[in-house]
Amino acid sequence: DLGGFPHYMAKEIQEQPESVERIIRGRLDDRFGVARLDGLNLTPRELRGFSRVKILGCGSAYYVGQIGATMIEELARIPADAEAASEFRYRNPIIEADTLYIAVSQSGETIDTAFAVEEIKRKGGRVVGLVNVVGSTIARACDGGVYLHAGPEIAVASTKALTNMAVGFALIALALGRVRDLSNADGQRIIDAIRALPGQIKSILDAEPEIAEHAKAAATAKSLFFIGRVRGFPVAREGAQKFKEISYRHAEAYQTSELKHGPLALIDDSLPTVAIVPADELAGRNLAALQQIRARGGSVLAVTHEDVDFGELDVPRIVVPRTEPELDPILLTIPLQLLAYHAALTLGYDIDKPRNLAKSVTVE
Ligand code: BG6
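Under full-length UniProt numbering, the first residue of the sequence shown is numbered 244, with each subsequent residue one higher.
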């Protein structure tokens, strides 16, 4: 049931304030500044015992896994990284007892992710799931997990499930952090920020008409760069992925810091850049890179915060509300969904069922 929306993707984007409410419901403990994740089936002692986190997923789930890895490193100070689950078992991975493996999947049926889980389990590793579909293959194969409670997602391009994955990682990072060095006060700071997310998402969605205008301009380009650094890089990767999936435009994600080491050569007035510029300690460096792009005739659309001072740099902006810096990627990703959606709408493509893609790939 489309509920009056023209596409499932539009509906699912709009549902995000409520679906985020659902993943956090009953899971935030104010007294101890921690997330309660009983489904993980891990005692505090076990949680404390992990010295590394490895996240596995495919497509958008992989990119959101990178967002999660950064959150875990920042909040729990445990080395964490994400890897494409589709590659994992083919490199005879080293499975370690003190690594927490996290499999991320909306459907819980993606065969590549299921094989990665199987490989970890066969070698005696501990794997938990961050999965939307209850009772799915991956959910059942894992030792425990956090259900996303995003509700059914029909559009091939994942939106609300993805946002809940990112929020799920914030909860996991909180749980891992609070059995380590994250203070009760810092835990509370993150909890308060998580609680504010649904309202903040709503305010981003209210800016849809303005984002649609930017999308019309973006849709005319044959190719685009999406750039960001550290927290912003996986956001850029996910933004490029969405753009490719539904608007069939070439979109390439790059670390803003790496532009000058090569791809800057490509920049001219036919190659626009979507830049992720949060108000964090890297804002100045990000703006310097944008200046270099502008100096070469490249156009820029910035996804940014109100208090970033662009000075002389006159570029169009999509402004999102600030949360705690560690959680910024959650909100920065939302306008990129709308950007891809409206670009595809402008171009007249089949938004919910893009060519060549399936909602979940259950064969290798
Ligand atoms: C791909 C879809 O095949 O699977 C992507 O086209 C999706 O949109 C990816 O992100 C992973 O799916 P899931 O269900 O494992 O999250």
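Quick reminder that beta carbons are idealized off the backbone N, C-alpha and C, glycines included.
query, result
"Would you decide whether His504 is buried or exposed? Buried here means 16 or more other CB atoms lie within 10 Å of its CB.", "exposed"
"Under the DSSP definition of a beta bridge, which residues are partnered with Tyr497?", "Ile470"
"Short check: CB of Ala518 to CB of Ala496, under 8 Å?", "no"
"Would you say the beta carbon of Thr576 comes nearer than 7 Å to a heavy atom of ligand 1?", "no"
"Examine the Cβ distances between the stretch 255–271 and the stretch 353–361 and report whether three or more of them are shorter than 8 Å.", "no"
"DSSP puts Thr605 in a beta bridge; with which residues?", "Paired residues: none, contrary to the question."
"According to DSSP, is Ile437 helix, strand or coil?", "helix"
"Exposed or buried, which one is Ile577 when buried takes at least 16 other CB atoms within 10 Å?", "buried"
"Could you check what DSSP says for Glu488 in three-state terms: helix, strand or coil?", "helix"
"Sorted by chain position, which residues of the same chain lie with C-beta nearer than 7 Å to Ser490's C-beta, five sequence neighbours on each side aside?", "Ala462, Ala583, Ala586, Ala587, Leu590, Tyr592"
"Which residues does DSSP pair with Ile346 in a beta bridge?", "Correcting the residue type first, residue 346 is Ala in the shown sequence and not Ile. Leu299, Gly372."
"Taking DSSP as the reference, what is the three-state secondary structure of Gly387?", "strand"
"Tell me whether Gly372 is buried or exposed, calling it buried when 16 or more other Cβ atoms sit within 10 Å of its Cβ.", "buried"
"Is Glu385 near ligand 1, with its Cβ less than 7 Å from a heavy atom?", "The question names Glu, but residue 385 is Cys in the sequence shown. Not under cutoff, so the answer is no."
"Whole angstroms are fine: how far does the CA of Arg274 sit from the CA of Gln431?", "9 Å"
"So the candidates are Asp324, Ser350, Ile266; which of them puts its Cα closest to the Cα of Pro477?", "Asp324"
"Please state whether the Cβ-Cβ distance between Ala428 and Leu467 is less than 8 Å.", "no"
"Take every Cβ of the stretch 443–454, pair it with every Cβ of the stretch 298–313, and state whether three or more of those distances are shorter than 8 Å.", "no"
"Give me the residue from Pro395, Arg438, Leu514 with the minimum Cα distance to Ala278.", "Arg438"
"Assign Thr286 to one of three DSSP states: helix, strand, or coil.", "coil"
"Between Gly482 and ligand 1, is there a pair consisting of the residue's CB and a ligand heavy atom that are separated by less than 7 Å?", "no"
"Going by DSSP, what residue range makes up the beta strand (DSSP E) through Glu326?", "323–327"
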